[in-house]
Structure formats: C-alpha cells, structure tokens
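Residue numbers (our numbering): 62 to 169. Virtual Cβ for every residue (Gly too), placed ideally from N, Cα, C. None of the values given here were measured: they were computed from a predicted structure.
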C-alpha cells in the first residue's frame, strides 16, 4: 500500500465539500422518546424484589434507556445502573411489601 500524503489542498477541498453538502448528507434528527421512569419514582427489578428509587436516566448510543437507581434496602452495593427493560414500577402503597420480600429473598 502506498502512503497518501495529506496536503493543505486536500484538507481544504474536503472542508469545502462538507460545507457545500456534496460529500455528506445530513440525516433527520432522531425522534425524542419519552422516558419509561421519572426521577424519584419507586422501581423494582422484574425478576426479583429490589426496592429502589430512580436517581438518573441516560440513553445508550443504540437508544436503550439506562436507569441509575439507589437501593433502599441495607445492602453493600446501593447504587446500580440497570436497563429500563429490567425494571417495573412499584406503587407507593406496595413499597413496604417489596422491602419485606427483598429481605426474605436475601435470607435464602
């Protein structure tokens, strides 16, 4: 393979092509999606009891929601980042039942 030297002329030609829009087509922006959970909302894991409160939300480069949660139980690791698909909403009146179920789960 031969080495291609980058010259000032080639850089300027590329910049002009970009400005003119001949080299690159700009796609439409991605639609804004609503979040699955609000910050401060109580959530639990879909497969096992884990009462937590949502503290942050971000989207991955592929558009998947990553939810930062803080667990309310007395455990070693309290802050987690979990995919939104793995979480379910917990109504406030069921929070104590979920905490009791989590304690029973850890006692196994």
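Identity of the residue in the options nearest residue i by Cα
{"i": "residue 127", "options": "110, 152, 118 and 104", "result": "118"}
{"i": "residue 148", "options": "166, 157, 111 and 164", "result": "111"}
{"i": "residue 129", "options": "104, 135, 94 and 123", "result": "104"}
Helix, strand or coil at residue i [DSSP, three-state]
{"i": "residue 113", "result": "strand"}
{"i": "residue 139", "result": "coil"}
{"i": "residue 105", "result": "strand"}
Boundaries (first-last residue) of the alpha helix (DSSP H) holding residue i
{"i": "residue 126", "result": "Here residue 126 belongs to no alpha helix (DSSP H); instead the beta strand (DSSP E) covers 126-132."}
Rounded straight-line distance, which links the Cα of residue j to that of residue i
{"i": "residue 143", "j": "residue 113", "result": "11 Å"}
{"i": "residue 125", "j": "residue 156", "result": "27 Å"}
{"i": "residue 140", "j": "residue 131", "result": "5 Å"}
{"i": "residue 162", "j": "residue 116", "result": "22 Å"}
Enclosing beta strand (DSSP E) for residue i [first to last residue]
{"i": "residue 148", "result": "148-150"}
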